[in-house]
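Chains U and P supply the protein sequences, listed in that same order. Numbers given in our numbering equal positions in the first sequence, counted from 1, plus 9. Numbers given in our numbering equal positions in the second sequence, counted from 1, plus 5. Okay, structure first, notes after.
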Amino acid sequence: ASRTERKYRKLQSDTVKYLAQFGYLSGPSQETQNLRSKEDLVRAIKSLQRAGGLPETGVPDSRTEALMKKPRCGNMDDFAQTGIDHFSRKKR
Amino acid sequence: FIPGTSTWPRTNLTFRFVNYTPDMPQAQTRKLIVDALKVWTVSTPLTFTEVTDTMADIMILFAKKYHSDGHPFDGTGSVLAHAFFPGPGKGGDAHFDDDENWSTNSSGGIDLLLVAAHEFGHALGLGHSEKPSALMYPWYMGFEGEFELPHDDWQGITNLYGTGIKDRTFPEREKGKVKYKPNVPDGKPVYPEPTSPTAGDGPPDPCNSHIDALTVIRTEIFLFIGKWFWRLGPQKLINKPVEIHKFWYGLPKDLERIDAVFERPDNKIVFFSGDRFWVFNANHLLSRFPVEGRPITEFNIPADVKKIDAAFQWSYNKRTYLVSGDMYWKMDENNSFVEYDYPRDMGTWKGVPVPVDAAFMDQSGTTIFFQGLDYWQFYDMKMRVQRGYPRRISHYWSQC
Numbered sequence: 010a011s012r013t014e015r016k017y018r019k020l021q022s023d024t025v026k027y028l029a030q031f032g033y034l035s036g037p038s039q040e041t042q043n044l045r046s047k048e049d050l051v052r053a054i055k056s057l058q059r060a061g062g063l064p065e066t067g068v069p070d071s072r073t074e075a076l077m078k079k080p081r082c083g084n085m086d087d088f089a090q091t092g093i094d095h096f097s098r099k100k101r
Numbered sequence: 006f007i008p009g010t011s012t013w014p015r016t017n018l019t020f021r022f023v024n025y026t027p028d029m030p031q032a033q034t035r036k037l038i039v040d041a042l043k044v045w046t047v048s049t050p051l052t053f054t055e056v057t058d059t060m061a062d063i064m065i066l067f068a069k070k071y072h073s074d075g076h077p078f079d080g081t082g083s084v085l086a087h088a089f090f091p092g093p094g095k096g097g098d099a100h101f102d103d104d105e106n107w108s109t110n111s112s113g114g115i116d117l118l119l120v121a122a123h124e125f126g127h128a129l130g131l132g133h134s135e136k137p138s139a140l141m142y143p144w145y146m147g148f149e150g151e152f153e154l155p156h157d158d159w160q161g162i163t164n165l166y167g168t169g170i171k172d173r174t175f176p177e178r179e180k181g182k183v184k185y186k187p188n189v190p191d192g193k194p195v196y197p198e199p200t201s202p203t204a205g206d207g208p209p210d211p212c213n214s215h216i217d218a219l220t221v222i223r224t225e226i227f228l229f230i231g232k233w234f235w236r237l238g239p240q241k242l243i244n245k246p247v248e249i250h251k252f253w254y255g256l257p258k259d260l261e262r263i264d265a266v267f268e269r270p271d272n273k274i275v276f277f278s279g280d281r282f283w284v285f286n287a288n289h290l291l292s293r294f295p296v297e298g299r300p301i302t303e304f305n306i307p308a309d310v311k312k313i314d315a316a317f318q319w320s321y322n323k324r325t326y327l328v329s330g331d332m333y334w335k336m337d338e339n340n341s342f343v344e345y346d347y348p349r350d351m352g353t354w355k356g357v358p359v360p361v362d363a364a365f366m367d368q369s370g371t372t373i374f375f376q377g378l379d380y381w382q383f384y385d386m387k388m389r390v391q392r393g394y395p396r397r398i399s400h401y402w403s404q405c
């Protein structure tokens, strides 16, 4: 893998870990860090981006990377699941 | 604002400093913490009193990395602090990462007043807010000037405690919900002693005893209580008990109980008792394995963990988990070391009571947790216990 590809893979895995740690992923993925579908991941990233006031791209871009490095409280983001529900409902 | 999972039943709360940060004089830390608490008393009925010789509702701790809860800190940056929602035991406690550079203002490091005020919001029952202007916004924003509680947070706190609310009492915790553990004066939790029989006792009634450990070994369930164990086939029929040391050759004869056990994919069986473990090949201790066992710290379990409550393989990912109190660890694929970002909090396993007595994956691949005379079946896909649980252990075995 090229350096860029390796960097992107690491960013993806760091993102999944971050999402699980702060409550943006529910179900077994919270523990396994595997996602049931790509849709779940996109939804969770969008929810994080919305909370961080970033454009909701659904991909771990450089702004999302910077957000994940910002100092923060270690408690879960209680609104994360609510956010995902709103998103699903709106979509339907 | 988002309310958390619990509130305090009264408005006169206590706090206590467990220790102080070396980043500033103690008097400075005390002032900032008191000011952070005061933030929540404006136009609310809340009052805070410092105690020095008893347990307090809010215990304030500065710590680095692993600090005996399921939420180790991560060094400088990223996670700054965390706090627990109201409740007995560690409920209400606020922990600050002492790898941060704590300061008295936002320009010279991390502003302790701001972070402490945020954490006390959790300690009072508020969750994170999505509003960047709110104190309860999860990311550290810094602040200049004189701090006042933002409107969103004021709405949150008055929604929880009003402006002249009468004292309420905690409702009885429903069975099956997470039970909080009591604290002891040094701030570390204690757990009730298991009620297993002691030396000289005959075999207990497996239908009405606390289970110490159990696992499936080559299709049979092995159930351990005190100095005895039972073998159960797929029909869950209970056979005659056998004394542990008369079958598992190599375990110390004076071993009072097995705390946890699991079978590795290579068919080796790992036993835990206290802070030691033993590895067996069939029913013989591995050759050259010390009879007194090896310390569980060899798995990278912290030295202050004195007992593994349960060990089980999770059917969802086939990985082995170790549980102690309200913390758990996932083992690596070789079952030789715990993964690097553990322990985590047992709250991830929603509805599982802590401390568990035992846990295992049964022959059908279902994860079962045991505590006292009850058991809980776990719903992997939803990461919570199944509805309708707990049930009595006696319903689990065919002969009870």
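Cβ coordinates follow ideal geometry from the N, Cα and C atoms, glycine included.
Selection of the region 103-130 of chain P by Cβ proximity to chain U, strictly under 9 Å: Glu105, Ile115, Val120, His123, Glu124, His127
- request: Go through its chain and collect everything with a Cβ distance to Asn24 of chain P's Cβ below 7 Å, but skip five positions before and after it.
  value: Leu66, Phe67
- prompt: According to DSSP, which residues form a beta bridge with Asn286 of chain P?
  reply: P:Lys273, P:His289
task: Name, please, each residue of chain P whose Cβ falls closer than 9 Å to the Cβ of Gly62 of chain U.
output: Pro137
- prompt: Name the DSSP beta bridge partners of Trp159 of chain P, please?
  reply: Per DSSP, none; premise fails for Trp159 of chain P.
message: Threshold first: 4 residues or longer. Then list the alpha helix (DSSP H) segments lying entirely within the region 21-50 of chain P, N to C.
response: 31-43
field: Under 8 Å by beta carbon: chain P residues contacting Ser46 of chain U
entry: For the C-beta of Ser46 of chain U, not a single chain P residue is nearer than 8 Å; the gap to the nearest is close to 13 Å.
- request: Report the residue from P:Thr371, P:Ile263, P:Asn110, P:Asp362 whose alpha carbon sits nearest the alpha carbon of Ala41 of chain P.
  value: Residue P:Asn110 is the option with its Cα nearest to Ala41 of chain P.
- prompt: Should the region 329-340 of chain P be called in touch with the region 310-320 of chain P, which here means at least 3 C-beta pairs below 8 Å?
  reply: yes
- request: Please report the residue range of the alpha helix (DSSP H) in which Thr372 of chain P lies.
  value: It is not in any alpha helix (DSSP H) - Thr372 of chain P instead sits in the beta strand (DSSP E) that spans 372-376.
- prompt: From the beta carbon of Asp385 of chain P, is the nearest beta carbon of chain U less than 8 Å away?
  reply: yes
- prompt: Over what stretch of residues does the beta strand (DSSP E) that includes Met332 of chain P continue unbroken?
  reply: 332-335
Chain U contact residues for Thr26 of chain P, given Cβ-Cβ distances below 8 Å: Result: empty, since nearest Cβ-Cβ is about 16 Å, beyond 8 Å.
- prompt: At a Cβ threshold of 8 Å, is Thr16 of chain P touching chain U?
  reply: no
query: Between Ser285 of chain P and Lys273 of chain P, is the Cβ-Cβ spacing less than 8 Å?
result: For clarity, residue 285 of chain P is Phe in the given sequence; the question names Ser instead. Pairing Phe285 of chain P with Lys273 of chain P gives a Cβ-Cβ distance under 8 Å.
- request: Check the Cβ of Asp87 of chain U against every Cβ in chain P and list those closer than 8 Å, keeping chain order.
  value: Ile7, Gly9, Gly132, His133
query: Taking the C-alpha atoms as reference points, what is the distance between Val390 of chain P and Gln39 of chain U?
result: 15 Å
field: Whole-angstrom distance between Trp235 of chain P and Thr371 of chain P, CA atom to CA atom
entry: 20 Å
field: Chain-ordered residues of the region 360-375 of chain P with a beta carbon less than 8 Å from chain U
entry: none
query: Hey, out of P:Arg293, P:Phe53, P:His76, whose CA is closest to Thr16 of chain P's CA?
result: P:Phe53
message: Can you confirm whether Gly34 of chain P, when its beta carbon is compared against all beta carbons of chain U, has any partner nearer than 8 Å?
response: Residue identity check: residue 34 of chain P is Thr in the sequence provided, not Gly. Thr34 of chain P does not count as touching chain U.
field: Below-8 Å beta-carbon distance, Leu290 of chain P vs any chain U residue
entry: no
query: Does the beta carbon of Ser83 of chain P sit closer than 8 Å to a beta carbon anywhere in chain U?
result: Yes, contact with chain U.
query: Taking the DSSP output, what are the residues bridged to Ser278 of chain P?
result: P:Arg281
query: Asn164 of chain P CB to nearest chain U CB: under 8 Å?
result: no
query: Just reading off the beta strand (DSSP E) that His215 of chain P is part of, what are its end residues?
result: Neither: His215 of chain P is in no beta strand (DSSP E) and is coded neither H nor E.
- request: Identify whether Ile398 of chain P lies in helix, strand or coil by the three-state DSSP scheme.
  value: helix
- request: Would you mind sorting Asn164 of chain P into buried or exposed? The rule is 16 or more other CB atoms within 10 Å of its CB.
  value: exposed
task: Please list, in chain order, all residues of the same chain as Thr224 of chain P whose beta carbon is under 8 Å from its beta carbon, the five residues on each side excluded.
output: Gly238, Pro239, Gln368
Which residues DSSP lists as bridging Arg59 of chain U, in chain order: Looking at the DSSP output, Arg59 of chain U sits in no beta bridge, so it has no partner there.
field: Exposed unless 16 or more other CB atoms sit within 10 angstroms - verdict on Asn84 of chain U
entry: Taking every protein chain shown into account, the CB of Asn84 of chain U has 16 or more other CB atoms within 10 angstroms, so this residue is buried.
field: Delimiting residues of the alpha helix (DSSP H) encompassing Thr24 of chain U
entry: Counting along the chain, Thr24 of chain U sits inside the alpha helix (DSSP H) bounded by residues 12-30.
Contact the region 21-39 of chain P vs the region 49-64 of chain P: 3+ CB pairs below 8 Å: yes
task: Taking the CB atoms as reference points, tell me whether Met366 of chain P and Pro37 of chain U lie closer together than 8 Å.
output: no
- request: Determine, using beta carbons only, whether Val183 of chain P comes closer than 8 Å to chain U.
  value: The predicted model places Val183 of chain P with a pLDDT of 30, which falls under 50 and marks its position as unreliable, so this point remains unresolved.
field: Assigned secondary structure, Thr54 of chain P (DSSP; H/G/I helix, E/B strand, else coil)
entry: strand
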